[in-house]
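Take the sequence shown: its position 48, counted from the start at 1, is 1066 in my numbering, and no numbers get skipped.
The beta carbon of each residue, even a glycine, is placed where N, CA and C say it ideally should be.
Below is one structure; the comments refer to it alone.
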Amino acid sequence: MEQQAGSRIRVEALAIDGQEHAAQWAQRLGLPLHDADADFALQLTDDGLQLQQLGDDVPGAVRVDFVEGAVAHRRLFGGGTGQMIAKAVGIQPGIRPSVLDATAGLGKDAFVLASLGCEMSLIERQPIIAALLEDGLARGRGDRDIGPIIARMRLLTGNSIEIIRSWVEEPPQVIYLDPMFPHREKTALVKKEMRLFRPLVGDDMDAPA
């Protein structure tokens, strides 16, 4: 994976038995296991894969967790089919469209739609974010409550335009777009995930204004 200036990444194991898994991720992503000058660390922990920015005054680590935390709370108390996202994709009584989330990010919106019964295809083009999402999906499959939801989510890694152009399966009924970083100079990036990912992703110049 090509690393830009200011976004050098190493892979490291914080879990006792995580060395082999860390080596596998490093090989898949083309990242080093040892880099003293790295700006970020993709870390294997007992709770899953996480990304940690290194240095002083940096945001905390980010990982994908569909079982607990904010995503789980949104599933239980987020408003169900009355949510704006549900209306946006056309969910109605008896209607659950198949949806292609072409800007998957950490998978939060896709998980909400899957929890409401939509069959989801997710595309994420940034390899590190895709790795975090893949790990979160894998851990979620083993959970009794959300396993059936995760089963409705399929992750594809790559450029969404290229993937859509080469699509050979039944086309999705809805294509959902919600870029992580619309290119607006005045946008206030206050969320931890945005602060962490901005150096890696940069401005999404393809995002609609």
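State the DSSP-derived secondary structure class of G1154, mapped to helix, strand or coil.
If DSSP states are grouped into helix, strand and coil, G1154 belongs with the helices.
Hey, L1124 and G1160: beta-carbon distance below 9 Å or not?
Cβ atoms of L1124 and G1160: not closer than 9 Å.
Considering only C-alpha positions, which residue in the set R1213, D1053 and D1196 is nearest to K1126?
Out of R1213, D1053 and D1196, D1196 has the C-alpha closest to the C-alpha of K1126.
Taking DSSP as the reference, what is the three-state secondary structure of G1098?
G1098: helix per DSSP, three-state reduction.
Assign I1113 to buried or exposed, taking buried as 16 or more other Cβ atoms, counted over all protein chains shown, within 10 Å of its Cβ.
Exposed, by the Cβ-count rule.
Distance, Cα to Cα, A1033 vs Q1070?
Rounded to the nearest angstrom, the two C-alpha atoms are 15 Å apart.
Relative to the alpha-carbon of D1055, which residue among D1163, D1074, R1028 and R1172 has its alpha-carbon at the smallest distance?
When only C-alpha atoms are compared, the closest one is R1028.
Which residues share a DSSP beta bridge with V1029?
L1060, per the DSSP bridge assignment.
Check the DSSP bridge columns for R1172 and list the partner residues they point to.
DSSP output for R1172 lists S1139 as bridge partner(s).
Using C-beta distances below 7 Å, list every residue in its chain close to T1063, excluding the 5 sequence neighbours before and after it, in chain order.
Here the set comprises L1032 and A1033.
At which residues does the beta strand (DSSP E) containing I1193 begin and terminate?
Run containing I1193: V1192 to Y1194, per the beta strand (DSSP E) assignment.
Please report the residue range of the beta strand (DSSP E) in which D1119 lies.
Note, D1119: beta strand (DSSP E), V1117 to D1119.
Taking three-plus beta-carbon pairs below 8 Å as touching, is the segment 1176 to 1187 in contact with the segment 1127 to 1143?
Because the criterion of three Cβ pairs below 8 Å is met, the segment 1176 to 1187 and the segment 1127 to 1143 touch.
Taking buried to mean at least 16 other C-beta atoms within 10 Å of its own C-beta, is R1183 buried or exposed?
Classification of R1183: exposed, given that the 10 Å Cβ count is below 16.
My output table needs one value for G1066: the three-state DSSP class, helix, strand or coil.
The answer is strand: DSSP assigns G1066 an E or B state.
Could you say which of A1090, R1046 and L1131 lies nearest to V1284 if we only look at CA atoms?
One cannot answer for residue 1284 here, as it falls past the ends of the chain, which runs 1019 to 1227.
Going by other Cβ atoms of all chains shown within 10 Å of its Cβ, with 16 needed for buried, is V1186 buried or exposed?
Exposed is the call here.
For V1085 and I1164, what's the separation of their Cα atoms in angstroms?
Cα-Cα distance, rounded: 7 Å.
Could you check if I1138 is buried or exposed, using at least 16 other CB atoms within 10 Å of its CB as the buried criterion?
One point to set straight first is that residue 1138 is Met, not Ile, in the sequence displayed. The residue in question, M1138, is buried, as its Cβ has 16 or more Cβ neighbours within 10 Å.
For the putative contact between I1168 and F1215, defined by C-beta atoms under 8 Å, what is the C-beta separation to the nearest angstrom?
Wrong, their Cβ atoms sit about 22 Å apart, outside the cutoff.
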